[in-house]
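See below for the structure under consideration.
Number of protein chains: 4
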Amino acid sequence: MKTIGIITPGGDAPGMNAAIRAVVRIAHSRNCKILGFEKGWYGLLTESKKHLTPRAVGGIVQSGGTMLHTLRCLPFKTKEGIEKAANTLKSNNIEALIVIGGDGSFRGATELGTKSGIQMIGIPATIDNDVFGTDETIGFDTAANTAIGAIDKIRDTAISHERIFVVEVMGRKRGFLALHVGIGVGAEVILIPEQGYDIKKIVQVLNTNSKKGKQTAIIVAAEGVGDTGELAKEIAKHTGSEVRLSILGYAQRGGSPSGRSRLLASLFAEKAVDLMCNAQGNYIVGLTNGKIASIPMNQSIGAQKSIDPNMIQLAKQLSI
Amino acid sequence: MKTIGIITPGGDAPGMNAAIRAVVRIAHSRNCKILGFEKGWYGLLTESKKHLTPRAVGGIVQSGGTMLHTLRCLPFKTKEGIEKAANTLKSNNIEALIVIGGDGSFRGATELGTKSGIQMIGIPATIDNDVFGTDETIGFDTAANTAIGAIDKIRDTAISHERIFVVEVMGRKRGFLALHVGIGVGAEVILIPEQGYDIKKIVQVLNTNSKKGKQTAIIVAAEGVGDTGELAKEIAKHTGSEVRLSILGYAQRGGSPSGRSRLLASLFAEKAVDLMCNAQGNYIVGLTNGKIASIPMNQSIGAQKSIDPNMIQLAKQLSI
Amino acid sequence: MKTIGIITPGGDAPGMNAAIRAVVRIAHSRNCKILGFEKGWYGLLTESKKHLTPRAVGGIVQSGGTMLHTLRCLPFKTKEGIEKAANTLKSNNIEALIVIGGDGSFRGATELGTKSGIQMIGIPATIDNDVFGTDETIGFDTAANTAIGAIDKIRDTAISHERIFVVEVMGRKRGFLALHVGIGVGAEVILIPEQGYDIKKIVQVLNTNSKKGKQTAIIVAAEGVGDTGELAKEIAKHTGSEVRLSILGYAQRGGSPSGRSRLLASLFAEKAVDLMCNAQGNYIVGLTNGKIASIPMNQSIGAQKSIDPNMIQLAKQLSI
Amino acid sequence: MKTIGIITPGGDAPGMNAAIRAVVRIAHSRNCKILGFEKGWYGLLTESKKHLTPRAVGGIVQSGGTMLHTLRCLPFKTKEGIEKAANTLKSNNIEALIVIGGDGSFRGATELGTKSGIQMIGIPATIDNDVFGTDETIGFDTAANTAIGAIDKIRDTAISHERIFVVEVMGRKRGFLALHVGIGVGAEVILIPEQGYDIKKIVQVLNTNSKKGKQTAIIVAAEGVGDTGELAKEIAKHTGSEVRLSILGYAQRGGSPSGRSRLLASLFAEKAVDLMCNAQGNYIVGLTNGKIASIPMNQSIGAQKSIDPNMIQLAKQLSI
């Protein structure tokens, strides 16, 4: 019987629990013992762990967050930290570690894999959808639905008051969420970190809309585009309209996962266990061209996923 | 046949449309003609109005915002503005004006009633629940559910990361929403404008909890308590923990009304039409001791509704 | 230190967990030890119990169902069953038992109280809202919102297809839920067990609406009115329209409690602990005239709560 | 300037309005005039139509149902009906007709295209996801989330009462929805029309679970598997357990579309307008291997989409 480890070392995302459940149950049916390390990398430094049976992961498919908890762990990022973590894996006879998280988690895993020689398998789970090697990450669909639901409510007030709203969605570096949400709510303007923005062009869109009789506007901005409070003030100054700011914040990170996030979690988990059983190096699983696939982990962390420029064009056409 | 006017001159709240629908249909069945004035007081200055038939208000019971729109209208607050509004009412043969909104709307209505001699009936609708003369306003229950739903999601992340969250809910002057929401989510600390706060006491609660093994905390703060960003920083400094801030924002104001907000809207509307038919001075309708009731409008605007101190005590007992 | 028991012996309702949590924490702060009996009366027969500390009830305020579980327990209803249950209470030094449930649960509690001489305090929790002595039960508001949310969706299809829908909501004997939900969704017809119905009158309403250009109709029927499938067929026959049936079913019983159900749970729990500390006979707590109150348990089980006839009239006026 | 028609002739699905909006706005930007035919094929027989401008489709991206309405139209299925419809298209100078719906709608469109010689473009929208030529239809993701949300609630009661629930989801002929939903909720058994079922095997799964300490079970059954009421009785008889039935019904067809359904609607619309501009025969658009694509309409209606057998296996592994 093989022993495998599982860990969620980065920010939480809805569907992580569904992924943990699926890994545990599928691996169990293939005769593996599963150890869950708690509080992320910190659990490897402190040997905070628990044996995960199929029963132990019952009733979590629908819950947000991560039952394994997570913690920012600066000591892990030192040479001594990595060594200690590697030793924990070895002393527990871990033959493979399944790492559920985003780019940062996979960077840590790569270092740990190099140090320990133990196989690392990554399952991409982050609401930012910014992992190279998969078209979609666990949690992205849920976060998009949460943000869209909130903005649908905001639009009620926007229309009632004929106001302009700047709505900041999560995404420090990447605009996948903002773009998806912006199209979903029919945003008049979508701002993403990959593009920057020109205040004059925004004002021009708003003025053109105003002439067409459309006084209300929703501007969806990823947090990475800069100070949205300043942006709102600038727009107010240039249009003479009342502009309000709403920062959707952490609610986007939690909540019960959508059907799609749960399904993706289950499919990714199955693939991860397959790869683990075949023991061929370090990989991340993912969705590519509509199919479950995998790419080497170092390819994933070394590359940047690109935004589909057609989506940006489409968003503009839809909000006329 | 009597002609009555209806108007939503303040901020929008979920259930306003249900109230408009109910007023129109009930008044229609009592042989009244109903004119809706659009964009709040501004509609009285510009005679922006529409005839509202029972058919015209179909399909809106479940929608957020206000179909009559609303606008901040500074000119109304001048002597000339009030006069113009009074003239509009007279030239349209309005015998009574039903005003759906909060305290500010009722102040405007009182001035307009004095000037015009036309009967004013107020239907309290605001998510702040800060209208004297009613235990609950239309929209309050919906906003509370929206905020609670968002904080339930935030708690997923709070627990996963064992973090402290400061969550700002609406309420510039009053803490009804914060208190209700805080009890609903099981907040460890609730801060309301009526009380102010002592950072030392907050830290003491958090430290006591921490010793009991409760690392996560949700602090629900009404926006009126001060700068919540500063508060979060102060708490981080004094506890040594990571603290995150989330400002729930405008989503609390919109969305499909809850069953209770829809019911309250319908019951308030019925009472408003009753009062209007009896034509006895200016009143606001409300919920008092579990029954639909009314008080003179000038009593409502002249007094301040008090927070139930037992609720504050209860909240503390529940979060141990 | 006093020992008190807590039990949920009937059907579950959203907010029961919030009530358990509140009882445990408030009673703890008054120096009581709390034993939870599991699976309803069955737990008293088998001594299935657990000690409930304030920590043990953390993280449940937002969860549906009952953490104490419940079970239909026929043996309890025998003389031997009641005796065994009474003995369990005595051997565990239970000084008072807090019973969370509906009318049936309070009947059982009354028998058990008589047999054992131990104080029984009832907290009304049922989605049916059919407990005499309280204007509202825990879970009712949540169930109403769930049903309203579902019917809002059904109306999309009803309008798109210009169809008539019969929607059956829970309520075998009483129509509180159907009436509240019917007003909330703007139902064209509401059928409750207290009234029976005349198919001709329903058809007349639908035909009148049809002449006014309103082809779509929602008929909300409590399950207790009879065979809704037959009803739908009858309406189809008499109107010549397509009629669809939807039985909302068990989803109404579960889910995260609304803010109001959580608050009511907390306030009821506080009152229950107060009564328990004063040890004055058997009571149920409740909401009366907007205030938390109590009445003797035998008064509650001996009487029937009445439907407000004004609400029925109002519903008719609103759906013209 | 080209004139194109748009129609929703089958059952409604969430996201149809988002698709109508997207078609209208994208086609407008390519200098087309758009006529919407109302009430499905019936609108072609009666020339019930309206000119759709970009403004006319504002504020509908988030709404369920179809703003164009739909109606079962038996006369269309006659030779005379098709001829009349073809004449309507010609007399209105329609150069292409965009048909939003499922398999049945595309069969009608194919006949109409043959008769009229006018280009037909199909946009697949049905909650059943049973259109050959696309991996996903508009509305499927929304319906899955609605069903999953309802079953998450039902599971609260299932767990509280340790009961078995049979939950019937939509799907008369195909099991895509049942399978997706079943995996999403972690169903113990999933029954789809493509497979039939053996009551002995179901009972065996339930008994095995029971021995593992899992008394609760959710059986998700597509409506097409047969009489679910009978099934529930059979299971009760063979297991000796209490079994409850819940038929989710029409709520699955309505409601605000999910982000994914809105995005799919927008992308499909863009492709449909592209195909229409190129005027190359009759096609349906779709999602294939993660990309927006198209296949000839007669290929789509002549073939049956297959269920992924791996998904069925996965569901079994996940529910141990």
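Residue numbers (our numbering), protein chains in the order written: chain A, 1 to 320; chain B, 1001 to 1320; chain C, 2001 to 2320; chain D, 3001 to 3320.
Even for Gly, the Cβ is constructed at its ideal location relative to N, Cα and C.
Every value quoted in this text rests on a predicted model; they were computed, and no experiment measured them.
CA nearest to the CA of residue i, picked from the options
i: M2001(C); options: G2196(C), E2095(C) and A2019(C); result: E2095(C)
i: M276(A); options: Q204(A), G290(A), P296(A) and L264(A); result: P296(A)
i: H69(A); options: G101(A), K79(A), P54(A) and L89(A); result: G101(A)
i: E1136(B); options: S1319(B), N1289(B) and N1310(B); result: N1289(B)
i: S2266(C); options: Q1313(B), L1231(B) and E1047(B); result: Q1313(B)
i: F3176(D); options: G3043(D), N3209(D) and A3315(D); result: A3315(D)
i: R25(A); options: N310(A), D141(A), N298(A) and G59(A); result: G59(A)
i: K1321(B); options: N1129(B), D1130(B), V1220(B) and G1081(B); result: No statement about residue 1321(B) is possible, as the shown extent of chain B runs from 1001 to 1320 and does not include it.
i: T2239(C); options: P2257(C), A2217(C) and H2180(C); result: A2217(C)
i: N2282(C); options: V2273(C), N2298(C) and I2199(C); result: N2298(C)
i: G2065(C); options: G2104(C), P2309(C), N2278(C) and P2257(C); result: P2257(C)
i: G1139(B); options: D1308(B), K1211(B), P1009(B) and G1255(B); result: G1255(B)
i: K2305(C); options: K2200(C), D2103(C) and D2141(C); result: D2103(C)
Residue j beta carbon less than 8 angstroms from that of residue i
i: G133(A); j: G259(A); result: no
i: V1326(B); j: R1262(B); result: Residue 1326(B) cannot be examined here, being either before or after the span of chain B that is shown, 1001 to 1320.
i: R1174(B); j: T157(A); result: no
i: K2097(C); j: M2120(C); result: The question names Lys, but residue 2097(C) in the sequence shown is Leu. In contact: L2097(C) and M2120(C) (Cβ atoms closer than 8 angstroms).
i: G1043(B); j: I1007(B); result: yes
i: L1112(B); j: A1085(B); result: yes
i: A2125(C); j: A2251(C); result: no
i: I2164(C); j: I2235(C); result: yes
i: A3222(D); j: A3022(D); result: no
i: I127(A); j: A143(A); result: yes
i: V3169(D); j: V3220(D); result: yes
6 angstroms Cβ shell around residue i - same chain, five flanking residues per side excluded
i: G63(A); result: Rather than Gly, the amino acid found at residue 63(A) in this sequence is Ser. Around S63(A): N17.
i: V243(A); result: I164, A232, I235 and A236
i: M311(A); result: L179
Neighbourhood of residue i by C-beta distance below 7 angstroms, restricted to the same chain and skipping five residues each side
i: V205(A); result: E188 and V189
i: G2186(C); result: L2318 and S2319
i: A2303(C); result: F2132
i: K1039(B); result: S1048, H1069, T1070 and L1071
Cut-off 8 angstroms between Cβ atoms - residues of its own chain near residue i, not counting five sequence neighbours on either side
i: R3107(D); result: I3301
i: I292(A); result: L267, F268, E270, K271, V285 and G286
i: N3093(D); result: T3003
i: I2183(C); result: I2190, M2311, L2314, A2315 and L2318
Range covered by the beta strand (DSSP E) that runs through residue i
i: R1025(B); result: Looking at the DSSP string, R1025(B) is not in any beta strand (DSSP E); the run it does join, the alpha helix (DSSP H), is M1016 to S1029.
i: A3315(D); result: Careful: A3315(D) lies outside any beta strand (DSSP E), inside the alpha helix (DSSP H) at P3309 to L3318.
i: T2003(C); result: K2002 to I2007
i: R155(A); result: Run containing R155(A): none in the beta strand (DSSP E); it sits in the alpha helix (DSSP H), F140 to H161.
i: I1284(B); result: Y1283 to T1288
Segment limits, alpha helix (DSSP H) that includes residue i
i: S261(A); result: G259 to N278
i: S993(B); result: Limits of chain B in this structure are 1001 at one end and 1320 at the other, which puts residue 993(B) out of reach.
i: I1183(B); result: F1176 to V1185
Residues of the region 3140-3155 of chain D with Cβ closer than 9 angstroms to any Cβ of chain C, in chain order: Of all residues in the region 3140-3155 of chain D, the ones placed with a Cβ closer than 9 angstroms to any Cβ belonging to chain C are T3146, G3149, A3150, I3151, D3152, K3153, I3154 and R3155, in chain order.
Positions along the region 3257-3287 of chain D whose CB lies within less than 8 angstroms of some CB in chain A: Against chain A - using a Cβ distance shorter than 8 angstroms - the residues of the region 3257-3287 of chain D are S3258, G3259, R3260, R3262, L3263, S3266, L3267, E3270 and L3287.
Contacting positions in the region 2038-2067 of chain C - beta carbon closer than 8 angstroms to chain B: Only P2054, R2055, G2058, G2059, V2061 and Q2062 from the region 2038-2067 of chain C bring a Cβ to less than 8 angstroms from some Cβ of chain B.
Contact set between the region 2193-2219 of chain C and chain D, restricted to residues whose Cβ is under 9 angstroms from the partner: Within the region 2193-2219 of chain C, not one residue has a Cβ closer than 9 angstroms to any Cβ of chain D.
Near-chain C residues of the region 1024-1039 of chain B - C-beta to any C-beta below 9 angstroms: Considering only beta carbons, the part of the region 1024-1039 of chain B lying closer than 9 angstroms to chain C consists of R1025, I1026, H1028 and S1029, in chain order.
Members of the region 2226-2250 of chain C that neighbour chain D once the beta carbon cut-off is set at 7 angstroms: Listed in sequence order: R2244, S2246, I2247, G2249 and Y2250.
Selection of the region 3115-3139 of chain D by Cβ proximity to chain C, strictly under 8 angstroms: Those residues of the region 3115-3139 of chain D placed with their C-beta closer than 8 angstroms to a C-beta in chain C do not exist.
Near-chain A residues of the region 3170-3181 of chain D - C-beta to any C-beta below 9 angstroms: Closer than 9 angstroms at the C-beta level to chain A, one finds these residues of the region 3170-3181 of chain D: H3180 and V3181.
Interface positions of the region 1093-1105 of chain B facing chain A (Cβ-Cβ less than 8 angstroms), listed along the chain: Within the region 1093-1105 of chain B, no residue has a Cβ that lies closer than 8 angstroms to any Cβ of chain A.
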